[in-house]
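Enquirer: Please see the structure below; I have some questions.
Protein chains in written order, with my numbering: chain E, 1 to 228; chain F, 1001 to 1228.
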């Protein structure tokens, strides 16, 4: 079966965590809105009461929505995570989701539906707290979770591909800050490089399926929000 | 086995979603920090690399962290959710988690670690957007998810106890706004009342185990943030 993934066609965003797991696992999927456009994405959402928002994965009947849920599902069905660590890995993925929500909140602190340009002063304040307090707290937690080469120990799981994206995203969004703190998280940085070298991921990153980071996604580079 | 739940002892907060499922299911647990205090809570957190923050459930070995993960776990082990709907229910619970994060963001838009008093102007702006746009969007989604008496159809699940808490929390936080919009969500309000009448929940709500809503928790009543 080829999965039908639905997500915004012009950003990495939350959908990227799903794309990376599918690509690393060599699992066939169609990135539907990249073929059919954003209008089709929103029209299709109405068919699935399970889904509050993209991304979601369409199955033969119904859909699986919410990033951590999709990854838990893929982990179980395609063995992308050791079953005896499934609760631990889901907890870690949910903590990554918390980080992602806080990252979005940095550039949209006051209103999800307003433009960044209308909340720049508040974003500057939010960015300072995020850079100085939250980045070390989250990365320290994830550093402690690496057991050997991978989070699960001897084999990669969807949490590793997600942590790759966290590091890549934070480097794009906060290049100065990350240059300052990266040295504190050697296991996490080595894990990022190990994920980038997985055959499925190496091929994906070279392909046009990997959308470049941009200021419409979750991780956004606004130079005024960065500092060492 | 008696579960050992660890969460802040003086608020409902995120821990309440776990407490409600345990109480409704008649599952034995100790609310450890209510006996040992907040200092013990933080000291104990250091023992469990799985847990980024409270709440977490201590098992014989290790811990299960993150509200939606704890509920998924309890659902599987104690049959608090029909197995054939597990991905759908987890997706709904994760959308409840998104709502809870946005609720917290209303009174802490700029910095998690600053006081509400230091971000009141921004909170007023955030509250307006949340009241007018997000409450109808989320409640409409949950209203559509009710299938008969319960979300899963013929029996209650942890998503029902969580939706009870969402309605109770929003009523406390935004009494004026909820009075205006509640009529649009008859299935959700009926479900709230049905959960309140479950024997385990009815007994819990009468007990001193149910902490009252207050302005230290997630749902906070600041009259200046409410409007019809």
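All C-beta atoms, glycine included, are put in the ideal place defined by N, C-alpha and C. Bear in mind the structure is a predicted one, so any value in this text is a computation, not a measurement.
1. What runs of the alpha helix (DSSP H), each 4 residues or longer, lie entirely inside the segment 86-127 of chain E?
2. Could you tell me the distance, in whole angstroms, from the CA atom of residue 118 of chain E to the CA atom of residue 174 of chain E?
3. Quick one: grab the DSSP three-state call for residue 144 of chain E.
4. Would you say residue 1018 of chain F and residue 1067 of chain F are within 8 Å of each other, going by their C-beta atoms?
5. Please list, in chain order, the residues of the segment 6-31 of chain E that have any C-beta partner in chain F closer than 7 Å.
6. Just to confirm, is the Cβ distance from residue 145 of chain E to residue 85 of chain E under 8 Å?
7. Provide the residue span of the alpha helix (DSSP H) that contains residue 1034 of chain F, from first to last.
8. What does the Cβ neighbour count give for residue 1122 of chain F, buried or exposed, with the cut at 16 atoms within 10 Å?
9. Taking 8 Å as the threshold (beta carbon to beta carbon), is residue 1141 of chain F in contact with chain E?
10. Exposed or buried, which one is residue 228 of chain E when buried takes at least 16 other CB atoms within 10 Å?
11. Leaving aside the five residues before and after residue 1176 of chain F along the sequence, list all residues of the same chain whose C-beta is less than 8 Å from its C-beta, in chain order.
12. Candidates E:129, E:155, E:159, E:2: which alpha carbon is nearest residue 60 of chain E's?
13. Classify residue 1005 of chain F as helix, strand or coil using the three-state DSSP reduction.
14. Check each residue of the segment 1089-1114 of chain F: if its Cβ is closer than 9 Å to any Cβ of chain E, include it; give the result in chain order.
15. Residues in its own chain within less than 6 Å of residue 107 of chain E by CB, not counting five upstream and five downstream?
16. Measure the Cβ-Cβ separation of residue 33 of chain E and residue 41 of chain E and say whether it is below 8 Å.
17. Can you pull the chain E residues whose beta carbon is under 7 Å from the beta carbon of residue 1044 of chain F, in chain order?
18. Express the C-alpha separation of residue 207 of chain E and residue 1057 of chain F in angstroms, rounding to a whole number.
19. Taking Cβ positions only, does residue 1064 of chain F come closer than 8 Å to chain E?
20. Classify residue 161 of chain E: buried if its beta carbon has 16 or more other beta carbons within 10 angstroms, exposed otherwise.
21. At the level of alpha carbons, what is the spacing between residue 201 of chain E and residue 1137 of chain F?
22. Check the Cβ of residue 1149 of chain F against every Cβ in chain E and list those closer than 7 Å, keeping chain order.
23. With H, G and I counted as helix, E and B as strand and the rest as coil, what does DSSP make of residue 1159 of chain F?
Expert: If we stick to the structure as given:
1. Whole alpha helix (DSSP H) segments, 4+ residues: 86-107.
2. Near 21 Å, if we compare the C-alpha coordinates of residue 174 of chain E and residue 118 of chain E.
3. If DSSP states are grouped into helix, strand and coil, residue 144 of chain E belongs with the helices.
4. The answer is yes: Cβ separation under 8 Å.
5. Here the close residues number zero.
6. No. Outside cutoff.
7. According to the DSSP assignment, residue 1034 of chain F belongs to the alpha helix (DSSP H) that extends over 1032-1036.
8. Buried is the label assigned to residue 1122 of chain F, since at least 16 other Cβ atoms lie within 10 Å of its Cβ.
9. The Cβ of residue 1141 of chain F sits closer than 8 Å to at least one Cβ of chain E.
10. Counting Cβ neighbours within 10 Å, residue 228 of chain E comes out exposed, since fewer than 16 surround it.
11. Excluding residues up to 5 positions away in sequence, 1226, 1227, 1228 lie with their Cβ nearer than 8 Å to the Cβ of residue 1176 of chain F in the same chain.
12. Ranking E:129, E:155, E:159, E:2 by Cα distance to residue 60 of chain E puts E:2 first.
13. Here DSSP, grouped into helix, strand and coil, assigns residue 1005 of chain F to strand.
14. So the list reads 1090, 1091, 1092, 1093, 1094, 1095, 1097, 1098, 1101, 1102, 1105, 1109, 1110, 1111, 1112, 1113, 1114, given in the order they occur along the chain.
15. When the five nearest sequence neighbours on each side are left out, the beta carbons in the same chain lying within less than 6 Å of the beta carbon of residue 107 of chain E are those of 116, 123, 220, in order along the chain.
16. Cβ atoms of residue 33 of chain E and residue 41 of chain E: closer than 8 Å.
17. Close to residue 1044 of chain F, with beta-carbon spacing below 7 Å, lies no residue of chain E; the smallest spacing is near 16 Å.
18. Those two C-alpha atoms are separated by around 43 Å.
19. Answer yes: the Cβ-Cβ gap between residue 1064 of chain F and chain E drops below 8 Å somewhere.
20. The residue in question, residue 161 of chain E, is buried, as its Cβ has 16 or more Cβ neighbours within 10 Å.
21. So the alpha carbons of these two residues sit roughly 36 Å apart.
22. Simply none; closest approach about 17 Å.
23. Residue state, collapsed to three classes: helix.
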